[in-house]
Amino acid sequence: MMNENYAIFAKLERLIDEWCERRCLKPLFYILRDYPLCGELVYGWNVLLESLLEIKDFCNHELTLQERELLLEIIDCAKRKVQE
108 MMNENYAIFA
118 KLERLIDEWC
128 ERRCLKPLFY
138 ILRDYPLCGE
148 LVYGWNVLLE
158 SLLEIKDFCN
168 HELTLQEREL
178 LLEIIDCAKR
188 KVQE
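Under my numbering, the first residue of the sequence shown carries the number 108, and numbering increases by one thereafter.
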């Protein structure tokens, strides 16, 4: 389970780095409110999931194809964490 968390966070950090590099501020605004997680409880994952979904809904046009694919992958992982 911890390895899965590290994998999720590594992917998310890669996205954040790419957004910083491109100065893609809108997705950064949404994600940096709730990341890094204060804890790995369901509540923390739920808050993170909400931010990820907001990025998908409100910033999709600002993301590259690879970023959108990675975002969807992270969203799926976060949904599984919320359901655990």
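C-beta: ideal position from N, C-alpha, C; glycine also.
What is the DSSP secondary structure of residue i, counted as helix, strand or coil?
i	result
ASP124	helix
ASP164	helix
LEU148	coil
LEU170	coil
GLU157	helix
PRO143	coil
GLU191	coil
Out of the options, state which residue places its alpha-carbon closest to the alpha-carbon of residue i.
i	options	result
THR171	LEU122, GLU191 and LEU156	LEU122
ILE115	CYS184, GLU128 and GLU191	CYS184
GLU157	LEU132, CYS127, GLN173 and LYS188	LYS188
CYS166	CYS131, TYR113, GLY151 and LYS186	CYS131
CYS161	PRO143, PHE136, GLY151 and GLU111	A small correction: the amino acid at residue 161 is Glu; Cys does not occupy that position in the sequence shown. Measuring from the Cα of GLU161, the nearest candidate turns out to be PHE136.
Report, in whole angstroms, the separation of the C-beta atoms of residue i and residue j, which I expect to be a contact under 8 Å.
i	j	result
LEU178	LEU159	7 Å
With a Cβ-Cβ cutoff of 8 Å, do residue i and residue j count as a contact?
i	j	result
PRO134	GLU169	yes
ASP141	LEU155	yes
GLU191	GLU125	no
ILE138	LYS163	no
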